[in-house]
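Numbering (this note's numbering), first residue to last: 1 to 922.
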């Protein structure tokens, strides 16, 4: 479907250099509207199923993302929950859907052009295998990327082929069933279209093609007009074949007078096909992991990176105590963490990363940690942190406990790149001396930790081991849902007053000041003040420990507050709170071509040109409950500079922001507006620092790699700065063998091509997600840039057969015809499930029905399943999933229509799929 029409803004977050399209008007359905319709439908269905299974109603109070997420995560849990991760997940999927039109513009299989049906289905098959394998390994970001690309190709089939012209109204299920053949394909020598001189004929498909139900698609030529004789063209802007007889085109990307009915039919079929695919993925993943893939989870994640060398026993005990307190005090609330991550490091070892959603598992794992080894001071801190940054969900809070500097300080650039890519915040709890002896002038120091904390929006807290228990209150503050940053600044040494605005939606407001020799005075909008020596004053409570001052406000007055800070040493200031008013963003750059638009920048924005942002704002009841006043870039360190942006409102909380003059040095995004619910002004700030660069890296990963095989990644580099020999470094978080050139000679304004290779070992688990970080640095080290990409390792799948269900018996004779009299009666069903020569059944799950499902051992060749339910619960559906994610379904209904109970015998399970056609949203 056309990515350039419609009114929906694509605000996108990508893991590689890709494209997002900003529609410019029109009435046709687009890839994003089709994808969004299907995703929201399936997420809503899944949320309802999870809610009902938990014993509560699914009843969103409105139609906004925020209200959907709140209802999905449970109305009984106290506290606020942010929809930011759900919004970001949708954007990632939309983005990767759009990338297919940019990076694979000339690839016929990616669009089912030029009758490339087998190749197109091959891409879908490979993509679905990647999605399922990544979900099994909890690599949800990689799964979302593959899902966006697969949905694009699947949806294009209905727009670019003659499927709807043949009279079909249902999806072609064989596209997502590789065990079924693609039938009746027109061969290359068969003419398929008549000539259309005007280019907008109602139906160009030849009568004999329609009669014989032959499947064909339009040929597309961007650089050549050549096509087989008599074949249909794709048509439209940029298709050179459309001027060759037979002229015209059969694409239904947009609606016009000649194809309005076909366009609508293609949209309906594409939505239904997308729903089929999503239901298959949901079945393989299970409801909870499907929702996690979609970003429906409490935003709080507990992620600890802990030094386990011999001197760290007290620190480990305190970390353990904090984890236990978080688990025990936040259970059953919206602040209860959705995930727990633990990464130990020592010297020379680090890892493994332990990741779980089970609080008891986290308690068990952190209790296993013991302090041992070490001795030469520097430890493998950055290697452990790299694992956490690549394994934790984006925008996580990561806490590092150490009393030593980093031995692997050469990873510092990689860590900064990963922080900017993931937007995660890293805070350090340092219990050692910052004046430890360095091995050399270039060796690491605690200043590296402070640099990383500042760059990420985290904190570098330096305390004694005795004081550590008091400092970890910061973790309790930030291990919470809907955490937002109101203000963050850093100064080398200065007496300065910082204003900030507090609004009526904010709760648990906390001010943090790190540094030494600090005095400060806090003043509320009414002019009431409190100094640093008043531990408990009119405005809040003040806690001082090590280099940290923590102020917890008890006065929640809305309006403009001020804090005056004075020190002759470097210090940082941060103001946070809980609120569902927030925003998500990406830096973008414009591009030209058949579908001009904006590409999300993977790396730092380009210097010497205006900065552009795609921003999505979330309010308490959706975007309509907030009014945005201004958005701009503000410096964090040094003299404060706030450069305002020009805002283009695209509707639904999405906007394009252009900042003509970018501040020098590091900057963040500052957004100001009004909360219409509380009728108060608000401000929010991004936490991840960014800066511009004259270096540009272009790299795209277009497929997965099998274990034991070498993957070749071509990329190119350009600089607008001085030419010369630029250094290249590539890191991957799995330590897989790689080769790449150490340097590249660049000339100003010209791209230079190069490549790298990476080889996952043959025993690598299918679904392993590898994060590649490419860094390029100028000869003088004055400029640098990076690209962060993800590569999936997927074992080749040969089992595409779904488990099969055969109904054995249904005992429902006792169920009365009058459903109002059903409650005292029960019915029973038994069925046999087999997986033939497949990989074996892994899981059987009840999807519909309020009864009880039991089954015999899954290792048996035939699995016997039994279902018992009240006659009031008249529909039953369960699924069987095999080891590689093939999903079979067993459905039965005892709904009566004037006669005895109806017996519905399930054939092979795919025949039991319930397929509905969903109309496109207007």
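All residues carry an ideal CB built from backbone N, CA and C; glycine is no exception.
Please read all numbers here as calculations on a predicted model, not as lab measurements.
DSSP lists 582 as the beta-bridge partner residues of residue 618. Residue 773 has its alpha-carbon roughly 26 Å from the corresponding atom of residue 429. Nearest Cα to residue 504 within the set 73, 677 and 232: 677. Under the three-state reduction of DSSP output, residue 651 falls in the strand class. Going by beta carbons, residue 152 and residue 31 fall inside the 7 Å limit. With fewer than 16 neighbouring CB atoms inside 10 Å of its own CB, residue 167 falls in the exposed class. Contact between residue 760 and residue 707 holds, with the beta-carbon distance rounding to 5 Å and staying under 8 Å.
Contact between residue 511 and residue 502 does not hold, since the beta-carbon distance rounds to 11 Å and is not under 8 Å. Three or more beta-carbon pairs drawn from the stretch 842-853 and the stretch 877-890 are found closer than 8 Å, and the two stretches are therefore classed as touching. Straight-line spacing of the CA atoms in residue 801 and residue 156 works out to 25 Å. Rounded to the nearest angstrom, the Cβ distance from residue 804 to residue 834 is 5 Å, consistent with a contact under 8 Å. When beta bridges are read from the DSSP output, residue 671 appears opposite 631 and 684.
Rounded to whole angstroms, the separation of the alpha carbons of residue 124 and residue 149 is 9 Å.
Residues 538 of the same chain have their beta carbon placed closer than 6 Å to that of residue 528, with the five preceding and five following residues left out of the count. For residue 800, no beta strand (DSSP E) run applies, since DSSP gives it neither H nor E. In the three-state scheme derived from DSSP, where H, G and I count as helix and E and B as strand, residue 499 is classed as strand. Assignment of beta-bridge partners to residue 590 by DSSP yields 598. Going by beta carbons, residue 693 and residue 785 fall inside the 7 Å limit.
Just so you know, the alpha carbons of residue 671 and residue 214 end up roughly 55 Å apart. Using a C-beta cut-off of 8 Å, the stretch 614-626 makes contact with the stretch 582-589, since at least three inter-stretch Cβ pairs fall below that distance. In this structure, DSSP gives residue 575 an extended state, which the three-state scheme calls strand. In this structure residue 307 touches residue 404 by the C-beta definition: roughly 6 Å separates them, less than 8 Å.
Put simply, of 378, 344, 219 and 575 the residue whose alpha carbon is nearest the alpha carbon of residue 368 is 344.
Note on the stretch 120-202: whole alpha helix (DSSP H) runs with a minimum of 4 residues are 140-160, in chain order. Around the beta-carbon of residue 331, fewer than 16 other beta-carbon atoms lie within 10 Å, marking it exposed. According to the DSSP secondary-structure assignment, residue 848 is paired through a beta bridge with 877. Residue 393 is classed as buried because its beta carbon has at least 16 other beta carbons within 10 Å across all chains shown. Taking 8 Å as the upper bound for CB-CB distance, residue 577 and residue 486 are in contact here, some 6 Å apart.
DSSP places residue 752 inside the beta strand (DSSP E), whose first and last residues are 752-758.
With a contact defined as Cβ atoms closer than 8 Å, residue 686 and residue 490 miss out at about 15 Å. Beta-bridge partners of residue 381 (DSSP): none assigned. Exposed is the label assigned to residue 229, since fewer than 16 other Cβ atoms lie within 10 Å of its Cβ. The alpha-carbon of residue 813 is positioned some 9 Å away from that of residue 826.
A distance below 7 Å separates the beta carbons of residue 192 and residue 206. Take the alpha-carbon of residue 658 and the one of residue 644: they are about 9 Å apart. The beta carbon of residue 753 is closer than 6 Å to those of 716 in its chain, skipping five residues each way along the sequence.
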